[in-house]
Every structure is written in C-alpha cells, then in structure tokens.
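Residue numbering for the sequence shown follows this note's numbering, starting at 42 and increasing by one per position.
Note that beta-carbon positions come from the ideal geometry of N, C-alpha and C, so glycine has one too.
This report concerns only the one structure given below.
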Amino acid sequence: VFFYQTPSAYEEKAARKHLLGAESTLLALHEALSALESWEASELHNAVIGVAEEHDLKLGKVAQPIRVAVSGGPVSPPIDQTLELLGRKVSLSRIAAAHEWALQASET
42 VFFYQTPSAY EEKAARKHLL GAESTLLALH EALSALESWE ASELHNAVIG VAEEHDLKLG
102 KVAQPIRVAV SGGPVSPPID QTLELLGRKV SLSRIAAAHE WALQASET
C-alpha cells in the first residue's frame with residue numbers, strides 16, 4: 042500500500058523504536074540522498090552505508106528509520122530497492138516528514 046499512497050500514520054511501536062532518537066540520522070540521510078546524482082539502488086545502498094559509517098552506526102540503525110519513514114512500519118522490501126521504486130521526490134519527502142515527526146515527538 043505504501044508504494045501507492047503516503048502512510049497516514051506510523052505504526053506506533055515502530056516509530057517509537059526507530060524514529061525517536063534518530064533525528065540526526067534522518068537529517069544526515071536526507072542530505073546524503075539529496076546529493077545523489079543517480080537514484081539507483083546501488084547508489085542508494087552506498088549512501089545509506091556511508092551515513093552509517095559516518096555516524097558510527099550499524100546498518101540497521103540507519104536502514105530501519107528509513108524503512109519506517111517511507112513505509113510507515115518496520116517491514117518493507119530491501120530499503121535501497123524501496124527507495125528506488127518510490128522515487129527521489131516521494132522518498133525525500135517521507136524522510137523529511139519522519140524527521141519532523143521525530144523532532145515534535147521528542148519535545149513531548
């Protein structure tokens with residue numbers, strides 16, 4: 042369903058676990074992905090790994106926040122393929138929205 046429409050809300054448990062505290066990771070991901078010239082799975086994969094290495098995080102700590110951001114929950118096809126299929130505009134918009142959600146949720 043998330044391929045065809047933006048999720049109206051995040052799965053609560055997944056959002057609390059993977060978005061809260063990931064504000065800086067989501068911002069770094071948005072910046073890294075925005076800078077890509079090519080929106081292909083291999084380039085997306087390398088960008089995600091680059092953010093993980095740059096922030097000294099395991100891949101799951103980077104991929105899971107993206108997964109929740111773009112799908113609304115903790116399960117999706119491989120994240121690089123998911124991002125490629127969703128496209129640049131939709132993916133970046135959903136990551137930005139998740140970043141904003143995490144910022145607001147951390148204030149409460």
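Of the listed residues the options, nearest to residue i (C-alpha basis)
i    : options                   : result
Q122 : G114, S134, I107 and G113 : I107
L60  : S49, G114 and L100        : G114
Check whether residue i and residue j have beta carbons under 8 angstroms apart
i    : j    : result
V89  : I120 : yes
L85  : L124 : yes
R133 : S75  : Sequence check: residue 133 is Leu here, not Arg. Yes, the Cβ-Cβ distance between L133 and S75 is below 8 angstroms.
L67  : A139 : yes
A56  : V131 : no
S147 : E53  : no
Same chain, Cβ closer than 6 angstroms to residue i, five either side skipped, listed in chain order
i    : result
V92  : A69, L70, A73 and V103
P48  : G113
S117 : R108 and T123
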